[in-house]
Each structure stands twice: as C-alpha cells, then as structure tokens.
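The structure appears below as structure tokens.
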Amino acid sequence: MGRQWGSAMRAAEQAGCVVSASRAGQPEAGPWSCSGVILSRSPGLVLCHGGIFAPFLRAGREVLTAAGAVFLPGDSCSDDLRLHVQWAPAAAGPLGGVERGRPGLCTPQC
Amino acid sequence: AGLEPSPPASYRRRLQQPPLPAELLLLLSCPAFWAHFARLFGDETAEQWRFASVAPDDEVPEDEEEDQLRLLGWFALLGVRLGQEEAEEERGPAVAVAPLGAVSKGAPLLVCGSPFGAFCPDIFLNTLSRGVLSNVAGPLLLTDARCLPGTEGGGVFTARPAGTLVALVAAPLCWKSREWVGLTLLCAAAPLLRAVRAALGRLFPSTAALAAHLPLEVGVPWGLPLREPGPPWAAAAVLVECGSVWGSGVAVAPRLVVTCRHVSPREAARVLVHSTPLKSVAVWGRVVFATQETCPYDIAVVSLEEDLEDVPIPVPAEHFHEGEAVSVVGFGVFGQACGPSVTSGILSAVVQVDGTPVMLQTTCAVHGGSSGGPLFSNRSGNLLGIVTSNTRDNSTGATYPHLNFSIPITVLQPALQHYSQTHDLGGLRELDRAAEPVRVVWRLQRPLAEAPRSKL
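Set out below in structure tokens:
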C-alpha cells in the first residue's frame, strides 16, 4: 500500500476492535459478535454495530422500529447480557490468546 | 557453533489483549440514515434487496429478514472497564471524525473490521480492505471496499488526514435481484456521534460527562455546501432515459452523448438526458445513430437539443495500460434516486485484434444500469471506454459484477469527431462493418489464430 496509507493503516488498526455478546450461564448460546471502533481509551468507549443486541432486548426487536426510536438506554437489554471487547495492543509482543476451535470456517483449495 | 535454539515459533499476525469486560451504555440509530435508506431501498423494489450474511438463495423467514433490515442502522456505545495496566498502556492516537460531506465521491477509503467477528480474532482481528466512496445519500454511504460478515460496526477511514473516521459498516454484503452487488453499506460517523452526544446528555447525569471523551470532527467545517461529489471527470456521466428504459451515458461534446444501443436502440427515438443531480438539469435529445443488432459494438449516439451546462467533456485516451487504476461511473444500483456511483479497480485486460484494442476488461464493480457509463483512468482522468456489460455464468446463473467489458474509446473517437464536425454518419456506420475477429471476441469466443487450412 502506498505511503499515503501507512499512517492511515496504523490509525485504523489502533482504533479497531471486536465485540462479543453472550448469555450468562448459557455459554452454548451465541456468541454474537461484530466489529467496533475504539472512540476513547480512558475511559474506554467503543462504538459497534447494534445488531448483536437484538436477542437481548427486553421489549423484543419491534422496539427498534418504534416510531421515532433514536436511542435506547443500556438497560433495554436483559441482565444476562455479557459483553467483551478485544483489540490489538499498541505495542507488539508475543501472541496471547488460547488456541480455540474454528467453528464453521475452513480453507477450501481453489 | 549452533545458534541459540530459537523460541517456539509463534505467528505474530494478530496480537491481541485478553477480552475485556464491557457494558452497554446505549443503543442508537441515525434517523437520517433511515430516511435515505427508505428512499433508496424501500420502494416497490424492496423485495429485490438483501442485506444479510446469508446468500440470497438461502431461505430466510420473512420476519427474520425484516428484523435484519431493522437492525441495519442501529449501533451501540459500550463502556469498557480497563485495568490499570491497559489504561496506562493503551494510549494510541485518538480517533478524529470527518464531518458529513467532507469526503467526496471517489475518494479512497480504508475499512478495518474483523471478518466472522469473535470467531477467530487471532487470525482476522482488524483486517483491512480498501476501496473508494462509491455513493453518498446523506449519512447513508456506499463503498466498493469488499467486506465480510462480522465486519459490521467496523471503522471506515480516509487516507488524508491519516486515519480520520468517516463511517461505520452497516451491512457488509448487498444483493439486488439475486445479483451480488459488491458494495458495502455504511453509516456516516459524524451524525452517529452527534446522536451519541445528544443521547448521553439526555440519559443519566453520570453518562453526560462521557460526551467530553468522544472524538471531535475535523476537516471541512460543518454547514459548508456539500462538496461537488466525486473527482471532476465523474461529472461527465449522465443518466439516459428512453421511454421506460434507463441507463448511463457520457457527454463527449456539449451536445453529444454516447450510451449503449440496448439503452436507446432506435434511431430517431427521443431521450431525456440528466446531468448529475446536484445540477438536476434534464435536456431532451434524439438518437442519431445506433449500431445494428449484429454489431459487436453496443453503441448509440444522442444529439441534444441544447448544450449540457457545466458538464466537463472528458479527454479521450489514446493508449491503454493493463494494470492501471481505473474507475467506472454509472447509475447502476440506484439509478435516478441519487447521483452516479463511482467504483474502482484496475484495467485487467486489453484484448486486441491485429494490434488494435477492441475490448477492455476491468475489476470495478459494475451493475445493471451502469451500461453506457464512462470508464476513466484514475491517473490521467482520461476517458478510456464505454461500459457495456458485466458477466453472468449461464450454467449457475451467478453474475460477476467485478468482470466487465468496455468498448475502447479509440474505436469510437474518430467517427465521433467526424460526426461532431460534419454531422455525417459515415464513420459511425463503419462500426456496423466490424471484422469477424472482433465479433468473435465480443461473443467471448477464442479468436481464431488463423483460418483453418483445407487439407486438399
């Protein structure tokens, strides 16, 4: 990628993260996950897609299309919602992470 | 002397923190995004569109499909509980936000998302994809950067100023009438963050203070008129309406537009030509020439009753360089609902017959409605050709928007110039006498190396 992209790439990767949602006590349910953007690191603020919260809405998905619905407070979701965020550290270092199965993904030869 | 035993191999692709606990502060949507979404996707053609991770032929219950549409424009603000160590270490550059309208159509974009979300972060975390801003309808943006399921919510950044946040991914995959469109639906970041600020202020007093930590908008001050969409040459693309059929075209002289024969097939037919909607000028014209049905060059020429104002006349290219960066500008996908889309790629092939280019192929995303639109060189801005078609595999029915065909402008330019100067159609009529090898090429057959010799 051209020079113009070097700093843009670093900034994009520094701001990127992945968000996963699961149900407390039901590890087999979900997880639901998506990508996100780190808006602030202290305090930690992340903006991500709202689709992963649909299964947790107390009032059901219809609340998303209620006339004029522009925002819903965080307690619109059930108490068993568990959220985790992962991102790349600013500094390089040995790989962390635990070897996990790769459900549903494979690499067929072309 | 042997080297020190190396530490156990460990790939260093995606370094990551252990997952950090987070809490949902609020869910929010951008009303203007919905308004434009309804305008572009919500009319009678709504059932043709699919924005899902599942392929269009996978059966999805109707209510679930409606759910997916509902969810498209919703985003969430999370509070992440950082330990002391992460808080101190994680001091990366703060994100800056591009105001709505600050990034013009055709500008390069970088998308950073994690395909398949949390399934494989050590492999896919923060994967990059590159494209251009293809179209803009208020806060609803389109890019031809290719994204996969799981990248929803990922950030979309500009190259300059480095890493300025433009948008978030709303739907990574779009299908229309079962054709993969190859475009990604985005929601502009500036209006989203304004909605976050407004919501934080109205929620609990404790969260109002968080608004001070949200990134600020930089660049073109808010409120200036939206910048002229796209690179200067993109404005040469026009919408051509011929009865109930519409397609794209390109102005090659103030009163001369070239489009495809299958857009306006009949000579003497009246057509209406619209320049880019920001000018919303429509001019009547008449088809003065259309190639025969048997001609491999799918071309028609429209003479206008008055000049097209403010439409730049592109410079025709004289040479083609395979691999060069190119752009297609066409009204595919959205047609009259908003301005032309810009998609980027490279000139993937120049097919020649007897040393003369007779067909161009590109990797840009080309959709129904883009026929007749211009193909430009990004480097020179010169007009390279007229887009005529993309590719469908008849055995599977699959359409490939990223393999498409254009007529080199060098085939047309001499005849167009002659007609412009003399109003004599002789040069254009010559196109109907294209040689057999050219016909073979446009029938997508292998050009015969040489006529098979008789054995007698």
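Line order of the protein sequences matches chains A and B. Numbering of the first sequence is given in the working numbering, commencing with residue 1 and proceeding in unit increments. Numbering of the second sequence is given in the working numbering, commencing with residue 1001 and proceeding in unit increments. For glycine and all other residues, C-beta sits at the position ideal for the given N, C-alpha and C.
- Under the DSSP assignment, B/Leu1193 falls outside any beta strand (DSSP E), being part of the alpha helix (DSSP H) whose first and last residues are 1189–1202.
- Within the region 38–53 of chain A, the residues whose Cβ lies closer than 9 Å to any Cβ of chain B are, in chain order, Ile38, Leu39, Ser40, Arg41, Ser42, Pro43, Gly44, Leu45, Val46, Leu47, Cys48, His49, Gly50, Gly51, Ile52, Phe53.
- DSSP links B/Val1238 through a beta bridge to B/Gly1249.
- B/Phe1033: member of the alpha helix (DSSP H) spanning 1031–1041, first to last residue.
- In the three-state DSSP reduction, B/Phe1320 falls in the coil class, being neither helix nor strand.
- Interface flag for B/His1036 against chain A is unset, since no Cβ pair is found closer than 8 Å.
- Between B/Gly1372 and B/Cys1364, the alpha-carbon positions lie close to 15 Å from each other.
- Using a CB distance cut-off of 8 Å, B/Pro1099 does not count as an interface residue toward chain A.
- If you check the CB distance, B/Ala1236 and B/Val1311 come in under 8 Å.
- The C-beta of B/Glu1152 comes closer than 8 Å to at least one C-beta of chain A.
- Any Cβ of chain B closer than 8 Å to the Cβ of A/Ala69 would place that residue at the interface, and such an atom is present.
- When secondary structure is reduced to three states using DSSP, B/Phe1331 falls in the coil class, being assigned neither helix nor strand.
- Between the region 16–30 of chain A and the region 1175–1194 of chain B there are fewer than three inter-stretch CB-CB distances shorter than 8 Å, so the stretches are not counted as touching.
- Proximity to B/Pro1121 across A/Val19, A/Ser7, A/Leu45 peaks at A/Val19, based on C-alpha coordinates.
- With respect to chain A, the C-beta atom of B/Val1095 has a partner C-beta closer than 8 Å.
- Between B/Gly1426 and B/Pro1414, the CB-CB gap reaches or exceeds 8 Å.
- At a cut-off of 8 Å between C-beta atoms, A/Glu28 does not count as an interface residue with respect to chain B.
- Cβ neighbours of B/Val1169 within its own chain (closer than 7 Å, five residues either side excluded): Val1111, Gly1113, Cys1147, Thr1151, Glu1152, Gly1153, Gly1154, Val1156, Thr1184, Leu1186.
- Residue environment analysis places B/Leu1444 among the exposed positions, since fewer than 16 neighbouring C-beta atoms fall within 10 angstroms of its C-beta.
- Counting only runs of at least 4 residues, the region 1377–1428 of chain B fully encloses the following alpha helix (DSSP H) elements, listed from N- to C-terminal order: 1409–1422.
- Judged by beta-carbon spacing, B/Ala1199 lies within the 8 Å limit of A/Phe71, meaning their Cβ atoms are closer than that value.
- Of all residues in the region 1099–1113 of chain B, those with a C-beta nearer than 7 Å to a C-beta of chain A are Leu1110, Cys1112, Gly1113, reading in chain order.
- Between the alpha carbons of B/Thr1127 and B/His1423 lies a gap of roughly 55 Å.
- In the three-state reduction of the DSSP assignment, B/Ile1123 falls in the helix class.
- Residues Gly1073, Pro1139, Leu1140, Cys1187 of the same chain have their beta carbon placed closer than 6 Å to that of B/Phe1033, with the five preceding and five following residues left out of the count.
- Secondary structure of A/Ile38 (DSSP, three-state): strand.
- With a cutoff of 8 Å on beta-carbon distance, A/Leu57 and B/Leu1077 are scored as not near each other.
- A straight-line Cα-Cα distance of about 11 Å links A/Cys34 and A/Leu83.
- Rounded to the nearest whole angstrom, the CA to CA distance from B/Val1353 to B/Ala1435 is 9 Å.
- Here the region 1397–1413 of chain B makes no contact with the region 1191–1205 of chain B; the two share fewer than three CB pairs at distances below 8 Å.
- Contact between B/Val1238 and A/Leu39 fails: their C-beta atoms lie close to 41 Å from each other, not under 8 Å.
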